[in-house]
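Chains as they are written, first to last, in the working numbering: chain A, 1 to 476; chain W, 477 to 971.
Note that CB positions come from ideal geometry on N, CA and C, so glycine has one too.
Keep in mind the model is a prediction, meaning the values are calculated, not measured.
Since the structure comes first, as structure tokens, the remarks are kept for the end.
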Amino acid sequence: MHVKDSTKSIRPFVVSAVLRNVTFSPASYASFIDLQEKLHQNVCRKRSLVAIGTHDLDTIEGPFVYEARPPEQIRFAPLNQTREMTATELMKFYEVDSHLRSYLPLIRDSPVYPVISDRNGVVLSLPPIINGNHSKISLSTKNVLIECTATDRNKATIVLDTMVTMFSQHCADPFTVEAVDVVEVDGSVSQCPELRSRMETVSAKAANSHVGIEESAERIASLLTRMSLSAELQADGDSIRVSVPPTRADVLHACDVYEDVAIAFGFNSIAKKIPETNCIGEQFVLNKLTDKLRLELAMAGFTEVLTFALCSEDDVSVKLRKPLQSAARIANPKTCDFQVARTTLLPGLLKTVSSNKNMAMPLQLFEVADVVLLDSGEDVGARNDRRLAALFYGKTAGFEVIHGILDRVMQVLAIPTQRYRVVATEDSTYFHGRCADVVVDGRKVAILGVLHPDVVTHFDLAAPCSYLELYVQALA
Amino acid sequence: MAELKERLLQILDEKGSFDTLTLAAELGVFHQKVVGGVKSLQIEENVINAEALSKKGWELTDEGKEVAKEGSHEARVFHAIPEGGIAQDELMKAFATAKIGFSKAMSSGWLEIKKGEGKPLVRRKVESIDDTVQPVLKRIEAMSFDEVSDKDKQEFKKRKLINEVAMTYYHVTKGSNFTTQLNKQETDLTAEMIASGSWKGVPFKGYNFNALGAPPPCGHLHPLLKVRAEFRQIFLEMGFTEMHTNNYIESSFWNFDALFQPQQHPARDAHDTFFVSEPANCLVLPDDYVKKVGEMHSHGGHGSQGYSYDWKLDEAKKNILRTHTTAVSARMLYRLAQEKPFKPAKYFSIDRVFRNEALDATHLAEFHQIEGVIADRNLTLGHLIGMLYAFFKKLGIHKLRFKPAYNPYTEPSMEVFSYHEGLKKWVEIGNSGVFRPEMLLPMGLPEDVRVIAWGLSLERPTMIKYGIDNIRELVGHKINLKVVYDNPICRLETD
């Protein structure tokens with residue numbers, strides 16, 4: 001397999017191997033295809049890191065070339081089609097294919113597309129999109145060429161190793177694989193598959209200590225061997241040399257070996273022990289206060305709701321008769337319900353009322369929860385702010401009820417009436433002349449008022465409504 | 477009603493007995509009203525005896541009722557003809573039953589038709605008529621059946637103006653406790669009665685114990701948050717410290733990289749994670765630690781192979797909505813590692829996380845995660861198993877089973893199953909594991925410190941406990957408030 005320089009910009013790496021004299025049964029054939037798909041979804045990160053192509057070697061002739069050519073210059077009949085198309089045409093052709101169209105963006109905008117062809121110019125595949133029909137494998141295929149093109153060499157190696165180790169058992173000479181020489185751009189030649197295995201040495205004592213069992217070193221070695229990690233006890237009676245095969249790319253550290261010991265031993269057989277860790281528990285003060293305030297609101301006759309932290313932009317702006325104030329935005333919302341993180345609890349409460357219009361009035365709801373505010377003083381650039389919200393929806397606006405809730409909250413927080421001032425203010429969300437800020441020690445700690453009728457109708461409601469939102473963290 | 481009852485008692489006193497039908501006719505009162513009075517008297521013990529009897533009677537059909545009210549059809553036709561006569565077709569339209577009335581009127585000799593030029597004209601033949609039907613029907617309505625001849629009864633039955641029915645009436649006599657004075661029964665003790673002592677000797681009305689009492693006006697806590705409070709309690713009972721989880725927006729670094737989750741991992745896809753476009757990147761990260769994490773990913777170290785890829789700082793800086801509260805556990809463990817000498821710690825958190833996955837009946841984009849973490853020297857998998865038993869015992873779950881699982885940041889990892897008595901099968905209740913050394917060592921924790929952790933969702937056990945199938949009936953604004961109103965106190969230890 002000769003690699004050309006042109007691939008560097010789009011998909012630089014390729015590895016390849018051959019399985020000789022394979023006999024497929026319908027089951028193993030289906031499994032072969034299935035494995036490629038599974039690998040594509042996981043390790044290959046939906047073909048963006050690695051793409052696998054498998055071909056009937058008897059239909060093509062090496063040596064092979066891996067290069068990148070302008071799309072117009074690539075022409076072949078793709079898998080299961082008889083008509084030849086250029087790569088440009090193929091891009092359009094597969095746009096309607098529900099499965100393949102998600103991979104098109106991986107190469108679509110590149111001036112050159114990756115392509116593998118044989119010595120006679122027959123196109124094997126257009127990675128990562130589709131293989132050619134000419135070299136497609138079938139139940140009767142005897143010799144299989146596997147190629148993995150990639151943007152991550154390490155992953156490509158792991159993928160190829162996985163493919164061959166899992167299917168070489170179907171070769172006439174089981175568990176053998178034929179190497180392919182990959183000639184790199186600089187002329188160097190490497191052989192694939194690498195079939196990396198390495199040695200990891202673990203201590204039997206450490207294994208026991210991590211799992212919480214007391215097995216002999218010999219037993220541990222035999223447990224590992226049962227897990228297909230060939231293990232040999234060394235002369236010192238504690239060290240165990242473990243051979244990690246190419247099928248176990250997940251073994252990165254001794255702890256991966258310990259897990260296999262535990263699995264072989266049986267999780268359900270390990271004796272349970274209570275940790276002797278002596279710690280004195282502690283509540284997060286804000287949460288402790290929150291739970292107490294929730295109780296007080298319920299005791300005052302209000303019903304708690306739990307609403308979503310994400311909402312549409314309009315929910316916290318247009319519908320509340322305000323411009324959008326600095327809100328944290330979601331980059332990839334699936335629907336407009338997930339456009340921003342809420343900056344106030346009001347929309348959630350109003351939506352709850354809207355879903356319960358047949359309930360007896362008045363509806364008295366509350367919620368003590370977090371909103372999200374932008375804040376460049378925080379390490380991530382935003383912070384949560386705990387709010388207490390109470391809403392009254394009834395035949396009358398009930399402002400005095402909400403005002404009464406404010407007074408009650410102040411009372412249970414031991415803030416005497418002299419210390420908090422209710423100052424009339426104007427706010428577009430609220431009805432003219434029926435809105436006030438609550439100020440404690442010169443700081444605004446809450447806002448309350450009768451909601452503006454337009455706000456009420458924006459949420460599909462028709463009765464008057466009063467609301468209080470208190471900044472818990474300002475009073476904690 | 478009270479007056480009627482008194483009247484009936486008086487009549488009974490005078491006459492000794494009566495029957496409701498006759499009495500109704502005599503008093504000129506509807507029979508049903510008299511029956512009502514009798515039944516009301518029956519409530520008082522043995523004041524009267526009422527014997528139910530049945531008699532043949534008559535009642536008006538709907539048509540009969542109309543005739544009793546408006547007059548017979550033929551009479552109405554007669555009265556509908558003005559002085560000079562009226563065109564026949566117009567007469568037919570005068571009212572619904574005009575046609576029937578017309579034929580009857582004609583056969584009774586009340587009308588004549590003048591045919592000539594133009595439309596036939598109908599004129600009165602006699603000066604006046606007697607409506608023989610209406611007054612009879614009125615008598616039947618008043619139940620004065622004896623005043624109606626059998627001939628009329630049969631004829632009107634044929635004309636479908638009346639129906640023969642079986643009527644229930646009552647023959648009333650004095651009871652053993654007969655009295656003409658109906659004692660007014662008190663319903664409630666009052667302050668005045670107690671003050672004056674007038675309650676003595678006054679009969680009180682029976683109380684209906686089978687009806688419900690008056691529902692008290694009350695507020696309510698949300699079902700899911702009641703369960704949350706229980707779990708907080710459980711952790712505090714076990715000596716755990718609550719983590720500060722009030723930050724929904726997290727950097728990829730703390731959410732993924734610090735947990736040794738590689739940057740190419742599918743979970744970091746836009747498909748599963750909500751990326752934040754504002755603020756797009758985190759502003760501050762601990763430099764030295766970040767470098768160590770990058771090294772560990774790219775090249776390994778501390779006995780690890782690492783992931784052998786190019787770790788990028790830019791990727792780590794990307795802000796997201798946290799996908800698990802384990803991000804906060806990472807922050808806490810890092811902070812713990814900076815304190816020397818090492819002190820063991822037990823942390824917990826219960827807070828909201830966000831997943832950008834497909835939504836269905838049991839999955840929402842936002843849900844709550846419960847997490848417990850213990851950091852101490854030489855902890856083993858056996859300790860994790862022991863801890864899980866202790867934790868779930870507080871939920872009334874005594875039977876657990878463990879299955880190997882995979883998490884990028886724990887090794888070993890175990891899925892936890894419990895036996896559900898109701899469903900009669902093993903169900904998954906949580907996930908657990910030992911944090912990887914690749915995660916702990918770059919933080920600077922001593923090598924013999926091991927960290928065990930476990931987690932579960934808050935919604936799932938709540939939905940199982942309350943038999944809720946669709947998560948939207950529990951969380952969010954679509955909830956039916958009745959569910960909140962009626963929800964019982966949360967007792968996790970009982971089924």
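Whole angstroms is fine: what's the gap from residue i's alpha carbon to residue j's?
| i | j | result |
| --- | --- | --- |
| Tyr-810/W | Thr-802/W | 12 Å |
| Leu-916/W | Phe-843/W | 27 Å |
| Asn-963/W | Val-422/A | 36 Å |
| Met-772/W | Val-285/A | 36 Å |
| Pro-78/A | Val-703/W | 57 Å |
| Ile-415/A | Thr-290/A | 16 Å |
| Phe-578/W | Ala-618/W | 28 Å |
| Leu-195/A | Ala-156/A | 12 Å |
| Glu-232/A | Ile-213/A | 20 Å |
| Gly-301/A | Tyr-942/W | 23 Å |
Quick one: list the residues of chain A neighbouring residue i, beta-carbon separation under 7 Å, in chain order.
| i | result |
| --- | --- |
| His-696/W | Ala-298, Thr-303 and Glu-304 |
| Leu-957/W | Thr-303, Asn-356 and Met-359 |
| Tyr-785/W | Asp-152 and Asn-154 |
| Glu-842/W | Phe-308, Ala-309 and Leu-310 |
Please say whether residue j and residue i have beta carbons closer to each other than 7 Å?
| i | j | result |
| --- | --- | --- |
| Pro-114/A | Thr-7/A | yes |
| Leu-413/A | Leu-475/A | yes |
| Ala-298/A | Leu-697/W | yes |
| Pro-820/W | Thr-277/A | yes |
| Val-164/A | Val-144/A | no |
| Ser-728/W | Lys-794/W | yes |
| Phe-680/W | Glu-662/W | yes |
| Leu-857/W | Ala-262/A | yes |
| Met-485/A | Phe-76/A | Since the first and last residues shown for chain A are 1 and 476, residue 485/A lies out of range. |
| Ala-501/W | Ser-672/W | no |
| Ile-60/A | Asp-118/A | yes |
| Asp-181/A | Ala-204/A | no |
| Ile-402/A | Ser-466/A | yes |
| Phe-736/W | Tyr-885/W | yes |
| Glu-887/W | Glu-259/A | yes |
| Val-251/A | Val-202/A | no |
For a contact defined as C-beta to C-beta under 9 Å, what are the partners of residue i on chain W?
| i | result |
| --- | --- |
| Thr-396/A | Result: empty, since nearest Cβ-Cβ is about 17 Å, beyond 9 Å. |
Starting from residue i, find everything on chain W with Cβ-Cβ shorter than 8 Å and list it in chain order.
| i | result |
| --- | --- |
| Cys-279/A | Gly-715, Phe-716, Thr-717, Pro-820, Ala-821 and Lys-822 |
| Tyr-477/A | Residue coverage of chain A in this structure runs from 1 to 476, which leaves residue 477/A outside it and unanswerable. |
| Pro-275/A | Ile-850, Asp-852, Leu-855, His-859, Gly-862, Met-863 and Ile-928 |
| Cys-255/A | Glu-887, Pro-888, Val-910, Arg-912 and Pro-913 |
Going by DSSP, which residues form a beta bridge with residue i?
| i | result |
| --- | --- |
| Ser-354/A | Bridge partners of Ser-354/A: none, in fact. |
| Phe-366/A | Glu-304/A and Ala-390/A |
| Arg-443/A | Val-440/A |
| Pro-114/A | Ala-68/A |
| Met-643/W | Lys-531/W |
| Arg-419/A | Paired residues: none, contrary to the question. |
| Tyr-683/W | None; Tyr-683/W has no bridge partner. |
| Lys-650/W | Ile-524/W |
| Ile-796/W | Glu-726/W and Phe-751/W |
| Ile-330/A | Val-752/W |
| Tyr-471/A | Arg-387/A |
| Gln-845/W | Asp-827/W and Ser-933/W |
| Arg-877/W | Phe-893/W |
| Arg-926/W | Asp-852/W |
What in chain W is Cβ-close to residue i, meaning under 7 Å?
| i | result |
| --- | --- |
| Gly-212/A | Thr-856, Leu-857, Gly-858 and His-859 |
Find the residues of chain A that neighbour residue i, judging by a C-beta separation of less than 8 Å, and give them in chain order.
| i | result |
| --- | --- |
| Asn-946/W | Going along chain A, no residue has its Cβ under 8 Å from Asn-946/W, so there is no contact; the nearest lies around 13 Å. |
Report the neighbours of residue i on chain A: residues whose CB is nearer than 9 Å to its CB, in chain order.
| i | result |
| --- | --- |
| Glu-791/W | The premise fails here: Glu-791/W is roughly 13 Å from chain A at the closest Cβ pair, so nothing lies under 9 Å. |
- Message: Threshold first: 4 residues or longer. Then list the alpha helix (DSSP H) segments lying entirely within the region 232-278 of chain A, N to C.
- Response: Qualifying alpha helix (DSSP H) stretches, in chain order: 254-265.
- Output the residue ranges of the beta strand (DSSP E) runs that lie fully inside the region 540-605 of chain W and measure 3 residues or longer, sorted by chain position. Every unbroken stretch of the beta strand (DSSP E) spanning 3 or more residues and falling wholly within the region 540-605 of chain W is given here in chain order: 587-590 and 597-600.
- Which full runs of the beta strand (DSSP E) of 3+ residues lie inside the region 48-74 of chain A, going along the chain? For the region 48-74 of chain A, the continuous beta strand (DSSP E) assignments of 3+ residues that do not extend past its boundaries occur at 50-56 and 65-69, in sequence order.
- Message: Which complete alpha helix (DSSP H) runs does the region 181-229 of chain A hold, if anything under 4 residues is left out?
- Response: Listed in chain order, the complete alpha helix (DSSP H) runs (minimum 4 residues) inside the region 181-229 of chain A are 204-211 and 217-226.
- Message: At 3 residues or longer, what runs of the beta strand (DSSP E) sit wholly inside the region 478-544 of chain W?
- Response: DSSP runs (the beta strand (DSSP E)) wholly in the region 478-544 of chain W: 493-495 and 524-536.
- Item | Completely contained beta strand (DSSP E) runs for the region 893-920 of chain W, where each covers 3 or more residues | Counting whole runs of 3 or more residues, the region 893-920 of chain W contains the beta strand (DSSP E) stretches 901-911.
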